[in-house]
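When the letters of the sequence shown are read in order and numbered with the UniProt record's numbering, they come out as residues 1 to 720. Heads up, the beta-carbon is just placed ideally off N, CA and C, and yes, glycines get one too. First the structure, in the form of C-alpha cells, and then the observations on it.
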Amino acid sequence: MGIRQLSSGRFDRPADSVASTDGRGRVIRVALRLPFTFGLLVAMLVVALATQSLWRPVEDRSWYPQIAYGLPSFEANRWWTLFSGFVFGARPSAGLVIVVAVIFLVGFAEWRLGTRWAAATTLVGHLVAVLASAGLLWLGRGVNWSWAELVSRDLDVGPSGGALAAAALATATLPSPWRLRVRLALSGYVLVVFLFVGGIADLEHLVGVALGLTAARWLPVPGRSPASGRVSRREWRLFAASGIVLLLAITVTVWLISAQGPMGSTYRLGGSALHAALHALVAAVLVNGLRKGRRAAWWISTVLAALSVLLGALVAVAYALADEADRRDVLEDLPVLVPVGVVWAAELAVLLAGRSAFRVPTPWLGRFRRSREATPQEERERAVDLLVRHGGTNLSWMTTWPENSYFFAPSGHAYVAYRKHAGVCIALSDPAGAPQDRRAAVRDFVDFCEHHGMVPCLFSTTRPVAEAAEALGWHSVQVAEDTVVPLSGLELTGKRWQKVRSALNRGKKLDVGFELVRLADQPRQVVSQVRAISEEWVGDKGLPEMGFTLGGVDEALDPHVRVGLATEGTTVLGVTSWIPVYAGDGQVRGWTLDVMRRRADGPFPPVVEFMIASAFLAFQEEGAEFVSLSGAPLAHSDSAWSKSATPFDRLLDQLGVFMEPYYGFRSLHAFKQKFNPRYEPLYLLYRDEADLPRIGVALTRAYMPEARTRELLRALRKPE
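Below you can see the structure in the form of C-alpha cells.
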C-alpha cells in the first residue's frame with residue numbers, strides 16, 4: 001500500500017478536519033470507556049472553579065478545617081470530611097499532581113478492572129487509608145512518638161490514597177514481569193517517601209498501596225493474570241536491581257529533602273552533591289550488571305550487602321555497650337542507618353536466594369574460551385547438514401548465511417540461527433532441524449540468551465511458532481507476509497495472469513533468453529555483470545544495502561542456490577536468485593525468491609516479471625510444490641490488516657511508510673500481488689514491551705549494519 005493511495009475515497013476531507021474529528025472521537029471513546037475517571041476529574045474541576053482553589057490554596061482558607069480530613073477533624077466529630085475532602089487539592093500545584101494521579105492511577109485501574117471495581121476500590125481505599133492513618137497516628141501519639149505527635153495535628157485533602165489502592169489492586173491483571181515491575185515501583189515510592197518525608201499524605205499513600213496489594217492477593221479480581229508459582233530468572237534479577245535502585249532513592253531523597261520522618265530528623269544527614277553523584281554512578285553500574293545477570297555484579301553487590309549488614313550489627317553491639325552520650329550520637333544517625341540496613345539485609349537475602357540467576361560471565365573472559373569452541377564455518381556446515389536432513393521453513397536457508405551465529409539444541413538435532421546486536425539475540429525464522437525438537441529448541445534458546453544476559457526475540461517466524469510462544473506468555477506482532485504461489489496445476493491463463501503473460505510473450509518477441517543456473521559455475525564476465533547490476537541498484541538508494549533477510553550476490557554464489565538470468569545475447573538484463581526449501585532427506589520441495597534486480601537502462605522493462613514467470617514454469621517442470629516470493633519487511637496486504645491492530649502494529653506501519661522512499665518495501669509487496677499468491681503472516685516474538693526499544697535498535701543494526709548515524713539522520717530529514 002503506497003502513501004499516495006491514501007488521497008482518495010474517504011480521505012478526501014482536509015487533513016485538519018480529519019485530525020480534529022478523529023481527536024474528538026478518540027476523546028469521546030476514552031471517556032465512555034472510563035466514566036468514573038472522567039466523572040471524578042469533572043467533579044474536581046467544578047469544585048476547584050467554584051471555590052477558586054484552582055488558583056488560591058485551600059489550606060489557607062478559614063473553612064479548610066471544615067472540609068479536610070485527619071485526626072483533628074475526627075476528634076471534633078467532623079466525619080463528613082471523609083467525603084468533602086475527597087475532591088479537593090490543598091494547593092494549586094498539589095491539585096495538578098492529584099489530577100495526574102487520577103488520570104494515570106484511577107484511569108489505569110478502571111481500564112484494567114472495569115468501572116464498578118475501580119470506583120469501589122478507589123472509594124473504599126480512600127476511606128480505609130484515611131481512617132487507618134488516623135488510627136495509627138492516634139496510637140503513636142499515645143506512646144509519645146514525637147513524629148506521630150507532630151503529624152497527628154495535620155489535615156489533608158484529595159483522593160490519592162484511594163487512587164494508589166486502586167492502582168495496586170489493578171496490578172493483579174498485569175502479566176509477568178510487568179506485575180512485579182509496577183508493584184516494586186509503587187512500593188518503593190511510598191516506602192521511601194514515608195520514611196524520609198513522612199507527612200500525613202505519605203502515610204495514607206503507604207496504607208493505600210499496602211491495602212491494594214493485600215486485596216490483590218485475596219480478592220477475585222476480574223481479569224487476573226495467572227502467576228507462574230515460581231520466581232523466574234528475570235524476576236530474581238529485577239528484585240536485586242530494584243534493591244540497589246531503592247538504596248539510591250534513599251540517598252537522593254535525603255540529599256534533596258530534609259524532614260522530620262518517622263525514624264527522626266534528616267536535616268543534618270543530607271550529604272553533598274558529590275556524595276550523591278558517586279552513589280548514583282556506582283548504583284548505575286551495579287543495576288546494569290544485575291539486570292543482565294552478570295556474575296561480577298552479583299559478587300560486588302553481595303560483598304557490599306554483607307559488609308553493610310555486618311556494619312549494622314557492629315553498630316547495634318556498640319550501641320548496647322556505649323554510655324549515654326555516645327548513644328545520643330548514634331541515635332542521630334538512626335533515621336538513615338536503620339532503613340538502609342534493612343534494605344541491605346533484604347538485598348543480601350535476594351542475592352543469595354537467587355544466586356543461580358547471576359551466572360553471566362564477564363564479556364572479556366569469554367574471549368579466552370572461544371579457542372575451545374567450533375569455528376563459525378564448522379557450525380555453519382553442521383546447520384546446513386541438519387537443515388538438509390530434516391527440513392525447514394521457506395526462510396530457513398537464510399539461517400545458513402555466513403553472518404549468523406548458531407545455538408544447537410541439547411539433543412543435537414535442531415538449531416536456532418541468530419545475530420547479536422545492542423544486547424539482543426535476534427533469532428531468524430523458525431528453529432530448523434528435527435520437527436520434534438524445534439519447540440524445545442526455542443525454550444533452550446531463550447534460556448541460553450537469559451543466561452548470557454541477552455534479550456531474546458524471534459524474527460520472521462510462522463504462525464505455529466508464534467502460537468507456541470504466546471502459550472508461554474510471549475507477545476507477537478506481524479512484521480511481514482510471505483507470498484506463496486502453489487505450482488501444482490498452475491497455468492498462466494485468465495485475466496488474473498494477463499500482466500505476467502504479457503511479459504512472457506514480449507520477452508519471446510524480443511528474443512530474451514532465460515536460464516536457471518548455479519552462479520558460481522558461470523563465466524567471470526557473467527558474474528561481473530551480475531555484480532554491476534547489483535551495485536547499480538544499491539547506488540540508487542539513500543541508505544546502504546540492507547542485509548539480514550535480504551541477500552545479495554555473495555549469497556547467490558552458494559552452490560545450493562539457483563539463479564535465474566535474463567539475457568540478450570551476452571548481456572545480462574536481470575537476475576533473480578532462489579534459495580531452496582528443504583523437506584528433509586535432501587529433497588527440495590520449493591524455492592524462495594531472494595535477489596531480484598535488473599538493469600536500470602535495459603531495453604525490456606518487465607524483465608523481472610519475465611524472469612519470475614519463467615522460473616515458475618521451470619520449477620513446475622522439475623516437480624517443485626511451490627515457490628515463495630518471500631516477505632517484504634514492514635509491509636502487509638489490506639486483507640490482513642484490521643482496526644484491531646495494536647499501537648505497536650501501527651508504529652511498524654509508520655516505520656514502513658518512512659522506509660518506503662529508500663527501499664520500496666510496500667511497492668515490492670504490491671508488485672508481488674500480480675502473481676496471485678496466498679499470504680502467510682510472519683511474526684516478531686518478544687517477551688514483553690520493555691524489550692521493544694532495544695529490539696528496534698538491534699533490528700536496525702541487523703538490516704543496516706553499515707549505516708552510520710548521520711546517514712539515518714539525513715534520511716529522516718530528506719523529503720519524499
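- If you draw a straight line from the Cα of Thr375 to the Cα of Tyr406, it comes to about 11 Å.
- Just measuring C-alpha positions, the residue of Val477, Pro603, Leu510 and Arg419 sitting nearest Ala702 is Arg419.
- Relative to the Cα of Ser396, the nearest Cα in the group Gly312, Arg91 and Ser429 belongs to Ser429.
- Put simply, the backbone Cα of Arg389 is about 25 Å away from that of Ala618.
- Excluding five sequence positions before and after Met596, the CB atoms of its chain that fall closer than 7 Å to its own CB belong to Thr576 and Val608, given in chain order.
- For the 7 Å CB-CB criterion, Asp202 and Gly70 do not form a contact.
- Of the residues Leu692, Ala134, Thr483 and Val553, the one whose Cα lies closest to the Cα of Trp474 is Leu692.
- His275 is classed as exposed because its beta carbon has fewer than 16 other beta carbons within 10 Å across all chains shown.
- Taking all protein chains in view, the Cβ of Ile28 is surrounded by fewer than 16 other Cβ atoms within 10 Å, so the residue is classified as exposed.
- A distance below 8 Å between beta-carbons, with the five flanking residues on each side excluded, links Gln529 to the following residues of its chain, in chain order: Thr571 and Val572.
- The stretch 76-95 makes no contact with the stretch 135-148, as fewer than three CB pairs between them are under 8 Å.
- In this structure, DSSP gives Gly564 an extended state, which the three-state scheme calls strand.
- Here Ala357 has Arg233, Trp236, Arg237 and Gly293 as same chain residues with Cβ atoms under 7 Å from its own Cβ, once five neighbours each way along the sequence are excluded.
- When beta bridges are read from the DSSP output, Thr461 appears opposite Tyr683.
- Less than 7 Å separates the beta-carbon of Gly564 from that of Met611.
- At a Cβ-Cβ threshold of 7 Å, Lys672 and Thr483 count as neighbours.
- Non-local C-beta neighbours of Ala466 in its own chain, meaning closer than 8 Å and more than five positions away in sequence, comprise Ser476, Tyr683 and Leu685, ordered along the chain.
- Under the DSSP assignment, Tyr418 falls in the beta strand (DSSP E) whose first and last residues are Ala414 to His421.
- Collapsing the DSSP output to three states places Gln620 in a helix.
- Assigned with DSSP and collapsed to three states, Asp60 falls in helix.
- Distance from the CA of Glu515 to the CA of Arg291, rounded to the nearest whole angstrom, comes to 55 Å.
- Per DSSP, Leu510 lies in no beta strand (DSSP E) and is assigned neither H nor E.
- Proximity to Ser73 across Ser152, Ala43, Pro35 and Leu123 peaks at Ser152, based on C-alpha coordinates.
- With contacts defined as CB atoms closer than 7 Å, Phe108 and Ala167 qualify as a contacting pair.
- If you compare the alpha carbons of Pro486, Pro605, His451 and Ala441 with that of Leu510, the shortest gap goes to Pro605.
- Uninterrupted alpha helix (DSSP H) stretches at least 4 residues long and entirely within the stretch 478-529 occur at 498-509, given in chain order.
- In the displayed model, Gly392 falls within coil according to three-state DSSP, outside both helix and strand.
- By the Cβ rule, the stretch 130-139 does not count as touching the stretch 174-189, because fewer than three pairs are nearer than 8 Å.
- Under the DSSP assignment, Arg589 falls in the beta strand (DSSP E) whose first and last residues are Gln587 to Arg598.
- Excluding sequence positions up to five before and after Pro177, its CB lies within less than 7 Å of the CB of Arg234, Glu235, Leu238 and Asp688, all in the same chain and listed in chain order.
- Between Val157 and Gly261, the C-beta spacing is not below 7 Å.
- Taking every protein chain shown into account, the CB of Glu621 has fewer than 16 other CB atoms within 10 angstroms, so this residue is exposed.
- Rounded to whole angstroms, the Cβ separation of Leu348 and Thr302 is 7 Å, and the two are in contact under 8 Å.
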